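This note's numbering numbers the first residue of the sequence shown as 8 and each following residue consecutively. Ideal Cβ positions, reconstructed from N, Cα and C, are used throughout, including at glycine. Predicted model, so just to flag it, every value in this text is computed and none were measured.
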Amino acid sequence: MDLDRRTVLSGLIASAIASGLPLRALAAEEVARVDDLIRRMTIEEKAGQMTCLADSFRPFNPPNPAAGIQDEKRLAEEIRKGRVGCLFNGIGVAGARKAQEIAVRQSRLGIPLLLAGDVIHGLKTIFPVPLGEASSFDPVLCQRTARAMAVEATAAGLHLTFAPMADVARDQRWGRVVEGAGEDVTLTALLTAARVRGFQGRDLRRDDSLLACPKHFTAYGAVAGGLEYGSVDISEETLRETHLPPFTAGFGAGALTTMAAFSEINGVPATADRTLLTDMLRDEMGFHGFVFSDYTADEELVAHGYAEDDRDAARLAVLAGVDMSMQSGLYIRYLPDLVKTGAVPMATIDVAVRRILYVKMAMGLFDNPWRSLDEAAEKSRIATPAHRALAREAGARSVVLLQNDGVLPLDPAGKQKIALIGPFTEDKANLYGPWAFYGDPGQGVDVATGLRGAMNDPDRLTIVAGCAIHQPIDGGIDAAVKAARAADVVILALGESQDMSGEAQSRTVIEIPAAQQALADAVAAVKKPTVVLLRHGRALALHDGVANANAVLATWFLGSEAGNAIADIVFGKVDPSGKLPVSFPWESGQEPFFYDRKSTGRPTVPNGSTEYKARYATTDNSARYPFGHGLSYTRFVLDNLKLSDSAMRWDQSVTVTARLKNIGKRRGSEIVQLYIHDRVASRTRPIRELKKMERVTLEPGESRTVRFTLARDDLRFVGQGNRWIAEPGVFDIWVGQSSQGGLHGRVTLYAPER
Ligand code: NOJ
């Protein structure tokens with residue numbers, strides 16, 4: 008057995024053992040089958056397995072620039088010749104069967120196709136955007152929704168989703184913030200692992216198991232200035248400490264594919280970075296699956312100024328460790344000749360092909376190329392009532408109550424007249440959010456429908472647009488003001504359209520469009536109790552009539568059941584329990600802004616002078632709403648913080664407990680959060696870091712002791728020499744309800760005794 012084969016094989020087994028699920032070790036005969044194929048494959052067929060093309064059989068190729076083959080006949084011919092290994096972004100069993108038929112029955116070796124797609128937050132049943140759902144701070148919920156998405160996607164003829172996005176996103180100008188779990192590394196890692204588990208299920212061979220692809224490897228969220236496709240200049244310590252852990256978590260949960268980022272890191276495009284894709288990803292992190300390029304990213308090495316031409320780009324990408332080229336067609340075009348001329352060793356190609364075939368083998372495609380291609384499943388497993396119910400539950404759990412002076416919840420049986428104002432009242436085109444192109448917007452529940460459905464007397468709801476998303480409308484503000492005057496309560500449905508976030512939607516200003524702000528300010532002047540429902544794919548900088556409303560709810564893009572989920576919260580059927588996965592700054596110009604920043608040598612202190620301190624001259628450098636913030640309709644207090652020991656021995660853990668009490672009048676859920684701060688270290692540490700969290704549901708008057716275990720591993724960071732280390736010393740601990748305030752304690756880590 009050659010070295011590469013041994014590495015891949017032992018790796019598969021090792022990761023199966025390490026994760027416990029869902030990957031089984033390949034049987035000896037499966038390995039032999041792959042070996043036999045590789046022996047018989049021509050270099051062209053090998054390059055074909057390493058090629059992924061847009062699926063023109065099922066002409067549904069979501070927003071990507073038109074490139075490569077876009078024609079069914081040509082694509083069929085390529086498959087027949089064994090020049091394609093994977094199709095992406097088409098759905099539907101009939102089309103998929105047609106393509107698979109050609110691959111299995113008409114190509115020389117009959118290797119089945121892998122069918123991939125971007126199922127980011129739902130296929131037909133649309134769940135909240137990933138950032139919204141991250142507000143639940145709940146891996147169990149994220150796993151459940153990912154499972155439901157997998158059930159639908161596999162019923163529609165897909166084997167793999169290009170999700171979850173594992174990029175930590177600390178700059179709200181970056182449009183792709185919406186696709187991930189926000190600014191925190193621990194939360195992103197937990198939710199990435201949960202989503203991988205949900206997509207893949209317990210057994211990869213099952214018809215409803217959807218392969219996951221944590222992306223974009225790596226530090227894609229760290230693009231300078233939040234500019235999509237931009238450059239990343241980052242210390243290796245930060246790269247390892249902040250951006251790698253979510254990927255480690257995703258691979259630990261069993262993900263067998265990943266995607267290289269479009270961006271360059273420290274001068275080398277990720278797609279051509281062997282240190283990143285081979286030394287770090289495989290040798291250090293132990294990843295044993297295969298790597299996709301992003302869409303035409305190999306070709307883009309030329310525009311980066313890193314490759315001389317397309318041929319050189321293909322060479323650089325494959326040598327770096329990109330196993331599967333997406334859409335450019337560069338591998339099929341150039342790999343055969345690159346191997347012939349000795350520019351790329353055949354052994355490199357064989358390793359890549361082996362990785363791809365092992366994954367196809369692990370998911371049972373060779374034994375059953377028709378898995379996930381079942382017309383009956385397509386009819387019965389998609390858009391089911393159970394999935395709708397889960398979308399509603401997830402929707403309500405994703406809402407964050409940012410502020411509330413008591414106006415909420417409203418009484419559904421109340422006599423009050425409600426004016427629902429804004430461009431998102433009856434809007435269905437912007438309910439789902441970006442990356443939901445398979446869903447039918449007509450099937451979504453808009454805000455007005457949701458609210459009306461919950462009210463005993465729906466006639467008490469008046470609807471006025473007031474303005475369009477970006478433009479004023481003639482007489483709009485006057486009509487809105489009139490409706491506000493006639494109402495007892497105003498609900499403003501404002502925010503971003505769904506095309507304002509997502510891929511290629513970086514923005515310099517993260518505010519509500521001016522026309523809507525003007526509407527909100529005019530309505531605020533009426534001085535009626537006002538509730539703002541924000542629709543958005545990122546944290547926003549809020550002002551005036553919006554920021555000063557009596558209640559403000561972050562509702563993101565909640566998906567198919569948006570209106571019902573919002574009504575559940577507004578009328579108090581469900582108590583809000585979401586927490587912010589991203590900090591809301593005061594101003595756009597504070598970005599990148601995140602809670603786990605450094606102290607600096609001149610920090611501002613509460614009530615202290617701000618002269619010559621690390622702050623903007625024009626804006627306080629705090630958050631309007633900090634990471635982890637989110638209110639409930641009831642009130643929780645925390646007390647009685649206790650540590651089992653104020654000393655932590657090197658190999659022992661400390662138990663941290665605190666009592667949470669519901670002192671309000673309603674049942675509710677709180678997410679208790681534990682943060683640490685390393686006071687003195689050989690590399691300066693963030694002012695706070697989230698380490699643990701727990702969701703607790705309490706009846707009025709009830710209390711419960713929350714228990715966290717803290718060990719040396721939780722105190723580690725990437726220190727000198729780029730290694731994870733823990734240093735003895737004093738650590739602050741807070742147990743609280745957000746990244747600000749909380750009960751404070753201290754623990755000292757002692758060096759090992761000699
Ligand atoms: C480009 C995006 O960056 C990536 O996330 C996506 O999976 C591919 N396009 C395929 O649509």
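Residue i in three-state terms, based on DSSP
i	result
His223	strand
Gly228	helix
Ser676	strand
Leu30	With a pLDDT of 44 at Leu30, under the threshold of 50, the modelled position of that residue is not reliable, and the figure given next carries that caveat. The answer is coil: DSSP assigns Leu30 none of H, G, I, E or B.
Tyr302	coil
Ile517	coil
Phe715	strand
Gly726	strand
Tyr682	strand
Val358	helix
Ile389	coil
Arg13	Annotation note: pLDDT 42 at Arg13 (below 50); position unreliable, no value reported.
Ala196	helix
Ile133	strand
Leu308	helix
Phe634	coil
Ala500	strand
C-alpha gap between residue i and residue j, whole angstroms
i	j	result
Leu547	Val158	34 Å
Ala384	Glu108	19 Å
Gly446	Phe431	18 Å
Arg47	Glu37	15 Å
Gly99	Asp330	26 Å
Ala527	Leu501	8 Å
Pro416	Phe578	5 Å
Trp377	Leu122	11 Å
Ala73	Asp125	16 Å
Lys580	Gln680	25 Å
Gly139	Val185	8 Å
Arg761	Thr755	18 Å
Arg719	Gly585	29 Å
Ala733	Arg723	4 Å
Ser746	His550	22 Å
Arg318	Asp280	17 Å
Gly509	Ala455	25 Å
Arg674	Ser335	55 Å
Pro221	Ser238	20 Å
Gly451	Gly570	8 Å
Ser405	Pro583	8 Å
Gln744	Glu701	10 Å
Lys672	Ser710	13 Å
Gly208	Leu217	8 Å
Glu503	Ile476	7 Å
Leu165	Ala219	11 Å
His311	Glu271	8 Å
Val346	Pro352	6 Å
Gly748	Ile127	34 Å
Sheet register partners of residue i (DSSP bridge)
i	result
Val737	Thr755
Asn669	Phe643
Ala123	Phe95, Leu167
Met172	Lys222
Cys59	Cys93, Met333
Arg48	Here the sequence assigns Met to residue 48, which means Arg is not the residue at that position. Beta-bridge pairing links Met48 to no other residue.
Ala327	DSSP, once it has assigned bridges, lists no residue as partnering Ala327.
Pro693	Lys605
Leu650	Val663
Check: residue i C-beta below 6 Å from any heavy atom of the ligand NOJ
i	result
Phe169	yes
Asp301	yes
Asp125	yes
Asn729	no
Asn71	yes
The ligand PLP heavy atom lying under 6 Å from the CB of residue i
i	result
Val192	Only the ligand NOJ can be found as ligands here, which leaves the ligand PLP out of the picture.
Checklist entry - If you scan the segment 542-599 from start to end, which runs of the beta strand (DSSP E) of 3 or more residues do you find wholly inside it? => result With a minimum length of 3 residues, the continuous beta strand (DSSP E) runs that stay inside the segment 542-599 are 558-561.
Next on the checklist: Suppose only complete runs of 4+ residues qualify. What are the alpha helix (DSSP H) ranges in the segment 218-293, listed by chain order?
Outcome noted: When DSSP assignments are scanned along the segment 218-293, the uninterrupted stretches of alpha helix (DSSP H) that are 4 or more residues long and fall wholly within it turn out to be 252-259.
Item to check | Completely contained beta strand (DSSP E) runs for the segment 401-484, where each covers 3 or more residues | outcome: Correct list: 407-411, 425-428, 468-471.
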